[in-house]
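According to our numbering, the sequence shown is numbered sequentially starting from 34. Shown next, in structure tokens, is the structure this report addresses.
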Amino acid sequence: MKKPLMMNPSESIAAEKPPILILANPTAGAGKGRASRLRLLEAAKNDLMKHGHAVHIGLENESSGIRDRAFNAAKAGAPILIAAGGDGTVNAVANGILMASNGQKSKTKLGVLPMGTGNVFAFNLGLGKG
């Protein structure tokens, strides 16, 4: 009978956490609540960093800029992109990832941090008010 594999508790197997890019439009919702949105972004960044992720926040004032950054990040192999905003931001990030995949299955995961005015996306998922 084989002995079970035992591991010294002082040894650890460190799994490197994937980096995360949070993409947001600070002027969404007619600029209403910009300061509170920026605070939420920083809080999300800090929380993810506490869990071992390298986190970068990319701010773009237009959907096309968000889409382009998502495209470039996904094309470069970014493992996780988070759309922080409303329906337009989620749409822009998702389209950037899809465009970069060129019809293939993308390795880039899409996360959503609902922060929009209408939040139809979050409402349809049962995550809050629309």
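Every residue, glycine too, gets a C-beta built ideally from N, C-alpha and C.
Expected contact under 8 Å - CB spacing of residue i and residue j to nearest Å
i       : j       : result
Lys-50  : His-84  : 7 Å
Gly-129 : Ala-103 : 3 Å
Ile-55  : Ala-77  : 7 Å
Thr-141 : Asn-94  : No, Thr-141 and Asn-94 are not in contact; Cβ-Cβ is about 23 Å, not under 8 Å.
Those residues which DSSP pairs with residue i across a bridge
i       : result
Gly-144 : Ile-115
Ala-57  : Leu-92 and Ala-117
Residue nearest to residue i in terms of C-alpha spacing, selected from the options
i       : options                               : result
Val-123 : Leu-143, Gly-110, Gly-136 and Gly-91  : Leu-143
Lys-138 : Ala-87, Leu-81 and Ala-127            : Ala-127
Lys-52  : Ala-87, Ala-116, Met-148 and Thr-141  : Rather than Lys, the amino acid found at residue 52 in this sequence is Pro. It is Ala-87 whose Cα lies nearest to the Cα of Pro-52.
Ile-113 : Leu-146, Asn-94, Asn-135 and Gly-119  : Leu-146
Ala-125 : Asn-105, Gly-136, Gly-110 and Lys-140 : Asn-105
Gly-151 : Lys-140, Ser-69, Gly-119 and Ser-134  : Gly-119
Ala-68  : Leu-158, Gly-110, Met-148 and Asn-135 : Met-148
Ile-90  : Leu-158, Lys-140 and Ala-117          : Ala-117
Ser-166 : Leu-160, Met-132 and Asn-157          : The chain is shown only over 34 to 163; residue 166 falls outside these bounds and no answer can be derived.
Asn-58  : Gly-121, Leu-81, Leu-160 and Met-82   : Gly-121
Leu-92  : Gly-110, Leu-158 and Arg-70           : Arg-70
Inside the stretch 80-129 only - beta strand (DSSP E) runs reaching at least 3 residues: 88-92 and 113-118
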